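Q:
Residue numbers (the working numbering): 1 to 441.
1) Measure the Cβ-Cβ separation of residue 448 and residue 179 and say whether it is below 9 Å.
2) What separation, rounded to the nearest whole angstrom, lies between the Cα atoms of residue 27 and residue 349?
3) Measure how close the beta-carbons of residue 144 and residue 45 come, nearest whole angstrom, since I'm counting them as under 8 Å.
4) Provide the residue span of the alpha helix (DSSP H) that contains residue 265, from first to last.
5) Per DSSP, what are the beta-bridge partners of residue 228 in this structure?
6) What residues are listed by DSSP as bridge partners for residue 52?
7) Count Cβ pairs between the region 224–233 and the region 182–195 that sit closer than 8 Å; are there 3 or more?
8) Please decide whether residue 36 counts as near chain D, where near means a Cβ-Cβ distance under 9 Å.
9) Mind reading off the beta-carbon distance from residue 416 to residue 400? Whole number of angstroms is fine, and I expect it under 8 Å.
10) Quick check: the region 148–162 against the region 122–137, are at least 3 beta-carbon pairs closer than 8 Å?
11) With distances taken Cα to Cα, identify the nearest neighbour of residue 224 among 324, 52 and 397.
12) List the whole-angstrom C-beta distance separating residue 427 from residue 374, where the pair is believed to meet the contact cut-off of C-beta under 8 Å.
13) Taking the beta carbon of residue 193 as the centre, do at least 16 other beta carbons fall within 10 Å, making it buried, or is it exposed?
14) Could you give the residue range of the alpha helix (DSSP H) that holds residue 122?
15) Compute the distance between the beta-carbons of residue 248 and residue 288, then report whether it is under 9 Å.
16) Could you name each continuous alpha helix (DSSP H) segment of 4 residues or more that falls completely within the region 268–321, going from the start of the chain to the end?
17) Roughly how far, in whole angstroms, is the beta-carbon of residue 10 from the beta-carbon of residue 240, given that I think they are within contact range, below 8 Å?
18) From 313, 272, 379 and 49, pick the residue whose C-alpha is nearest to that of residue 340; which is it?
19) Give the single residue among 104, 30, 425 and 395 whose Cα lies nearest to the Cα of residue 74.
20) Do you know how far the Cα of residue 140 is from the Cα of residue 8?
21) Identify, in the order they occur along the chain, each residue of the same chain with its Cβ nearer than 6 Å to the Cβ of residue 13, setting aside the five sequence neighbours on each side.
22) How many whole angstroms separate the CB atoms of residue 131 and residue 363, which I take to be in contact at a CB cut-off of 8 Å?
23) Leaving aside the five residues before and after residue 210 along the sequence, list all residues of the same chain whose C-beta is less than 7 Å from its C-beta, in chain order.
24) Taking C-alpha atoms, which residue in 263, 67 and 172 lies nearest to residue 398?
25) Count the other C-beta atoms from every protein chain shown that fall within 10 angstroms of the C-beta of residue 43, then say buried if there are 16 or more, exposed otherwise.
26) Please report how far the alpha carbon of residue 61 lies from the alpha carbon of residue 96, in whole angstroms.
27) By Cβ distance below 7 Å, which residues in the same chain neighbour residue 101 in space, the five residues on each side in sequence not counted?
28) Can you tell which of 222, 379, 331 and 357 has its C-alpha closest to the C-alpha of residue 346?
29) Quick one: what does DSSP say residue 32 is sitting in, helix, strand or coil?
30) Hey, could you find the ends of the alpha helix (DSSP H) residue 344 is sitting in?
31) Could you check what DSSP says for residue 44 in three-state terms: helix, strand or coil?
32) When DSSP labels each residue in this structure, what does residue 205 get in the three-state scheme?
33) If you reduce the DSSP assignment to three classes, tell me which class residue 422 lands in.
34) Is the separation between the beta-carbon of residue 16 and that of residue 212 shorter than 9 Å?
35) Rounding to the nearest angstrom, what Cα-Cα distance links residue 190 and residue 175 in this structure?
36) My guess is that residue 205 and residue 162 are in contact by the Cβ rule of under 8 Å, so how many angstroms apart are they, rounded?
Right under this line is the structure:
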């Protein structure tokens, strides 16, 4: 199969769960644009506004939450994909690439939908509850396989997003969100199950969705070697858009919260530009006196620069990306001068931003809240006939399969319920269960 045919196979508008209705859509919107709209109007996407990105949810200073982050990643992803599509159209003289921007924009919207409350602290709390906490004995008690157990001890928001989008919850339609095959494949950064997660703790799908992913991978003809699939090429664009927004926006937020000084922030951002351009940049910034506006100007220039660099890298390595031999992500292979500046931002983020007291405090609190809720609700599904269990289980919506005869499914139902919560809801439920808050007081 030549590269053009391979691309046409990879860009499928077939909808997961609605395969029997697959046909050319006569609507003015393409199937991929419909994916985007379906996500924008969904409840799980709206809930991202009350989920932590890095910093605590805003008080007097507004910083990024999961919703604003996802919207910005989607904007960057669309621009990045549009540049790539333009080059591919020229190369192959084909119009099949015109919707790449819509596919990537939708995938970027969806990439964080599976993340639990309290950012990465929520993920760690769930995984460690099973690996070293009160849940570590559940494998034997509930007769779980090694593969099923790894789903819990390696719990990851990426795999949870794929489940959220594809699983048929009680009372819901077949295929979950019924999104296109190409869009769903574009969010799976790690196309292998939890048993192969390794030290990074990352994987792409739970055992419950393994067959679903394999069906999508087969339809799109994703390359498979030694039982393991290679990424869909558009994953690289989604990942790059996320990487761009993470580091650059975190620096901007850290300045607003006074974790980084003005001088530190300007130094980090100016390092992306050759020294001979600095005077011109300073001259442009001098037209305004607001420091935040000056930093926003540099940020916008850097985002544009990184988009161009990643698009060029994708086109340069298209052959190896298509055939599964490309190593690393796009950001790891951009021009060395820009990469050094980007890595410097990453190093500062690890040393100063992610260790800031306000970040650590929300992680500690989130860890405690999630562990408490896991304890209570898992105890309830394990012993549903106890009086207290009956009260607790009434809090879980009927869409979750807490009555399943399969113990693996019952544990998943608890994680579905908890991971879908916002930070605010999880905190409120914690307070009510502990008696800190009572409706009548």
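Even glycine gets a Cβ: it sits at the ideal position worked out from N, Cα and C. Note that the coordinates shown come from a computational prediction; the quantities given were computed from them, not determined experimentally.
A: To lay it out plainly:
1) Nothing in the structure corresponds to residue 448, since the chain is present only between 1 and 441.
2) In this predicted model, residue 27 has a pLDDT of only 49, less than 50, meaning its place in the structure is not dependable; the value taken from the coordinates is given anyway. Each residue's Cα considered, the two are about 45 Å apart.
3) Residue 144 to residue 45, Cβ: 31 Å. No contact.
4) Following the DSSP letters along the chain, one finds residue 265 inside the alpha helix (DSSP H) bounded by residues 262–270.
5) The secondary-structure analysis by DSSP pairs residue 228 across a beta bridge with 225.
6) DSSP lists 65 as partners of residue 52.
7) Per the Cβ contact rule, the region 224–233 is in contact with the region 182–195 (3 or more Cβ pairs under 8 Å).
8) Considering every chain present, this structure includes no chain D. It has just one protein chain.
9) Right, the Cβ-Cβ distance comes to about 5 Å (below 8 Å), so this counts as a contact.
10) When Cβ pairs closer than 8 Å are counted between the two stretches, the region 122–137 is seen to touch the region 148–162, the count reaching three or more.
11) Among 324, 52 and 397, the Cα nearest to that of residue 224 is on 324.
12) In fact, because the Cβ distance is near 15 Å, the residues do not count as touching under 8 Å.
13) So residue 193 ends up on the buried side.
14) Note, residue 122: alpha helix (DSSP H), 119–131.
15) With a cutoff of 9 Å on beta-carbon distance, residue 248 and residue 288 are scored as not near each other.
16) Within the region 268–321, the runs of alpha helix (DSSP H) that reach at least 4 residues and sit entirely inside it are, in chain order, 278–285 and 291–316.
17) In fact, because the Cβ distance is near 17 Å, the residues do not count as touching under 8 Å.
18) Out of 313, 272, 379 and 49, 272 has the C-alpha closest to the C-alpha of residue 340.
19) Ranking the options by Cα distance to residue 74, first place goes to 104.
20) A direct Cα-to-Cα measurement between residue 8 and residue 140 gives close to 47 Å.
21) These residues qualify, in order along the chain: 31 and 180.
22) That belief does not hold up - the Cβ atoms of residue 131 and residue 363 are roughly 18 Å apart, past 8 Å.
23) For residue 210, where only same-chain residues beyond five positions count, the Cβ hits under 7 Å are 193.
24) Of the candidates 263, 67 and 172, the residue whose Cα lies closest to the Cα of residue 398 is 172.
25) Result: exposed.
26) Confidence at residue 61 is low in this model, with a pLDDT of 47, below 50, so the placement of that residue is unreliable and no value is reported for it.
27) Contacts found: 78, 81, 82 and 85.
28) Nearest of 222, 379, 331 and 357 to residue 346, Cα basis: 331.
29) In this structure, residue 32 counts as helix in the three-state DSSP scheme.
30) Counted as a single uninterrupted DSSP element, the alpha helix (DSSP H) harbouring residue 344 occupies residues 336–348.
31) Helix.
32) Residue 205: strand per DSSP, three-state reduction.
33) Coil.
34) Closer than 9 Å, so yes.
35) Their Cα atoms are separated by approximately 21 Å.
36) Contact between residue 205 and residue 162 holds: CB atoms are separated by about 5 Å, below the 8 Å threshold.
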